[in-house]
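Peer 1: Mapping the sequence shown onto the numbering used here, position 65 (from 1) lands on 65, and the numbers just tick up by one.
Idealized CB from N, CA, C, for every residue including glycine.
Every value quoted in this text rests on a predicted model; they were computed, and no experiment measured them.
One structure coming up, written as C-alpha cells, with questions to follow.
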Amino acid sequence: MAQTVIRLTARIWREDDSFVSFCPELGVASCGDSYDHAREMLQEAVELYLEDMDVEEILNQVHPEAAAFPLDVKIPA
Numbered sequence: 001m002a003q004t005v006i007r008l009t010a011r012i013w014r015e016d017d018s019f020v021s022f023c024p025e026l027g028v029a030s031c032g033d034s035y036d037h038a039r040e041m042l043q044e045a046v047e048l049y050l051e052d053m054d055v056e057e058i059l060n061q062v063h064p065e066a067a068a069f070p071l072d073v074k075i076p077a
C-alpha cells in the first residue's frame with residue numbers, strides 16, 4: 001500500500017524529571033525519560049492517533065500547506 005508522508009510539528013520540553021512532547025496540529029501529547037524517548041513516544045502516539053483515519057480526514061485536520069514559524073509577542077514585564 002502506498003503511503004504519504006506529512007510533516008508535523010513536535011514541541012519538546014523538560015518538565016521536572018521528564019520530557020513532555022506535543023504535536024500542536026493534532027493536540028497529541030506524550031512524554032519520556034529523555035528528549036529522544038519523548039520524541040519516540042510522540043511519534044508512536046501520533047501514528048496511533050492517525051491509524052484509523054482516512055487520508056481525507058487527516059489532511060483536513062492537519063492542513064499540510066500551512067506554514068509554521070516563530071512568533072515574537074510582547075508580554076507584560
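1. Does the Cβ-Cβ distance between Ser-21 and Ile-12 come in under 8 Å?
2. Would a C-beta distance cut-off of 8 Å place Ala-45 and Ser-34 closer than the cut-off?
3. Using 8 Å for Cβ pairs, my map puts Leu-50 next to Glu-25. What's the rounded Cβ distance?
4. Going straight from the alpha carbon of Thr-4 to that of His-37, what length do you get?
5. So what does Glu-89 bridge to, in DSSP terms?
Peer 2: Short version:
1. Working through the sequence shown from its first residue, we reach residue 21 at position 21. Working through the sequence shown from its first residue, we reach residue 12 at position 12. Yes, these two residues count as a Cβ contact at 8 Å.
2. As a first step, residue 45 is located in the sequence shown; it is residue number 45 there, counting from the start. As a first step, residue 34 is located in the sequence shown; it is residue number 34 there, counting from the start. Their beta carbons are not under 8 Å apart, which means Ala-45 does not touch Ser-34 by this criterion.
3. Locating residue 50 in the sequence shown gives position 50, counting from the first residue. Locating residue 25 in the sequence shown gives position 25, counting from the first residue. Actually they are not in contact, since the Cβ atoms of Leu-50 and Glu-25 sit about 11 Å apart, beyond 8 Å.
4. Against the sequence shown, residue 4 aligns to sequence position 4. Against the sequence shown, residue 37 aligns to sequence position 37. Each residue's Cα considered, the two are about 25 Å apart.
5. Lying before the first or after the last residue shown, residue 89 is absent from the chain, which here runs from 1 to 77.
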